[in-house]
Amino acid sequence: MRAEERKHRILVLARQEGRVDVAKVAADFGVAPETIRRDLSELQRHGLVRRTHGGAYPVESAGFETGLAQRVNRNVENKQRIAAEAVKLLGDAETLFIDEGYTPQILAGLLPVDRPLTVVTASLTTAAAVADSAHLTVLLLGGRVRARTLATVGSWACSMLGGFVIDLAYLGSNGITREQGLTTPDPVVADVKAKAIEVSRRRVFMGDHSKFGVSSFCRFAQVSEFEAIVTDTGLPNAEARRYSLLGPTVIRV
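Structure representation (C-alpha cells):
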C-alpha cells in the first residue's frame, strides 16, 4: 500500500469511527506502528487530525463534521466534569440559552430543580431531555432540523432568538483559537450561535481540550466575548493563561 493511499484510508477510518488507534491500524495495515505515527503526524500538519496518546481523532472542517453518535463517545468523563463545573456559573440567571452538542446536553440535566428557569435551545435532544422537569420552561427554536446534530437552524431559529433577552448563554464550538476565535463548519449553525451571543448578557464557553488550537470554516465569536471558558486539564496551564489574557476566566477541571 502506497503512503498516500494509507493516509487516505487512515483519515476515512478516523472520520467513520471518531478516533484511530495506532496499534490497531498498524496491525490491520501490516505496517510498523512508527509508520502510522508518521502518517498521523503528517495528517496533523495538514490540519486533518489531532494526535492523542496512542492515536488521533479527526478535525472538523467545512467538508466534515462529526455527528451526535460520535460525540457521545469521545472524552465523556471530561465533558461530564466540564458540565458540572459550568453549571456552577449559573448565578441568578433566570433565562438560559443552551447550545447544541453533548456537553450542553449534559449540563441541561444538571440544572437546579428548586427554582424556575427558562431554557432556550436549538437542540431537539436537549429539549427532550429536560422538557418534563417541573421547574423548567423549555423553548425549542424553530427552523430546519440538521440530521447530523438534531438541532434547528435557519432564519426561523435566528428570528426567534432575536426576540429574546437571555441572561446566560452556554455555548460550544467545533474549534477555538486565540487568533480566529470560535468556529464551526456550517454557516447556518454559526448564524444561530452568533445570534445567541448577540442577545445574551453573559456567555460561557464549554469545550474539552481537543477543541483548542482547531479552526473550522465559520467564525461566530471572539474569545473576548466570553466571561468564562470551562475545559479540562488536557489544556496546558500556560495555554489557559494565554486565553485568560483575552478576557475570560479559564477554569480547568
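Numbered according to the working numbering, the sequence shown spans residues 198 to 450.
For each residue, glycine too, the CB sits at the ideal point set by N, CA and C.
inquiry  = So, for Leu286: in the same chain, excluding its five sequence neighbours on each side, which residues have a beta-carbon less than 7 Å away from its beta-carbon?
reply    = Closer than 7 Å at Cβ, skipping near neighbours: Val401, Ala425.
query = Rounded C-beta distance between Leu208 and Val246? I'm assuming under 8 Å.
reply = The pair is a contact, with the Cβ atoms about 7 Å apart (cut-off 8 Å).
Neighbourhood of Thr430 by C-beta, 6 Å cutoff - its chain only, sequence neighbours within 5 removed = Answer for Thr430: Arg449, listed in chain order.
task = Closer than 8 Å by C-beta to Pro384: which residues in its own chain qualify, once you throw out the five before and the five after it? Chain order, please.
result = If we look at Pro384 and ignore the five residues flanking it on each side, its Cβ neighbours are Phe414, Cys415.
key: Simplified DSSP state of Val327, which is helix, strand or coil   = Looking at Val327 - three-state DSSP - the assignment turns out to be helix.
key: Proximity winner among Pro301, Phe361, Leu336, His243, relative to Thr346 (alpha-carbon distances)   = Pro301 is the residue among Pro301, Phe361, Leu336, His243 whose C-alpha sits nearest the C-alpha of Thr346.
ask   = With burial defined as no fewer than 16 other Cβ atoms inside 10 Å of the residue's Cβ, what is the status of Val310: buried or exposed?
value = Per the 10 Å Cβ criterion, exposed.
key: Between the CA atoms of Met198 and Ala283 - distance to the nearest angstrom   = Their Cα atoms are separated by approximately 47 Å.
key: Distance between Val411 and Ser238 (C-alpha atoms, nearest Å)   = In this structure, the alpha-carbon of Ser238 lies about 15 Å from that of Val411.
request  = Under 7 Å Cβ to Cβ from Arg439, same chain only, skipping five residues before and after it: list those, please.
outcome  = Correct list, in chain order: Arg375.
inquiry  = Which same chain residues end up closer than 7 Å to Ala281 when comparing Cβ atoms and leaving out the 5 residues on each side of it in sequence?
reply    = Excluding sequence neighbours, Ala281 sits near Leu307.
key: Pairwise C-alpha distance: Ala253 and Asn272   = The alpha-carbon atoms of Asn272 and Ala253 are separated by roughly 13 Å.
task = Using the DSSP secondary-structure output, state which residues sit across from Ile373 in a beta bridge.
result = Bridge pairing for Ile373: Leu379, Phe409 [DSSP].
key: Whether Thr489 touches Val342 by CB criterion (8 Å)   = Summary: the structure shown does not reach residue 489, with the chain confined to residues 198 through 450, and so no result is reported for it.
request  = Specify, as a first and last residue, the run of the alpha helix (DSSP H) that Phe423 falls within.
outcome  = That residue, Phe423, is in no alpha helix (DSSP H); it is neither H nor E in DSSP.
request  = Quick one: grab the DSSP three-state call for Leu365.
outcome  = Reduced to three states, the DSSP call for Leu365 is strand.
key: Cβ of Met403 within 8 Å of any chain D Cβ   = The structure shown contains no chain D; it is built from a single protein chain.
key: Alpha carbon of Leu442 to alpha carbon of Val228, nearest angstrom   = Each residue's CA atom was taken as its position, placing Leu442 and Val228 some 45 Å apart.
request  = Could you name the residues of the same chain whose beta carbon sits closer than 7 Å to that of Gln419, not counting the 5 residues immediately before and after it, in chain order?
outcome  = Counting only Cβ-Cβ distances below 7 Å, and skipping sequence neighbours, we find Gly378.
request  = Would you mind stating whether Phe294 and Ala366 have Cβ atoms separated by less than 8 Å?
outcome  = Yes, these two residues count as a Cβ contact at 8 Å.
key: Alpha-carbon spacing of Ser370 relative to Arg278, whole angstroms   = The straight-line gap from Cα to Cα measures roughly 17 Å.
task = Excluding the 5 residues preceding and the 5 following Gly444 in the sequence, name in chain order all residues of the same chain whose CB lies nearer than 6 Å to its CB.
result = Within the same chain, and ignoring the five residues on either side of Gly444 in sequence, the residues whose Cβ sits closer than 6 Å to its Cβ are Ser421.
Thr428 versus Glu231, Asn275, Val219, residue with shortest Cα-Cα distance = Here the closest residue by C-alpha is Asn275.
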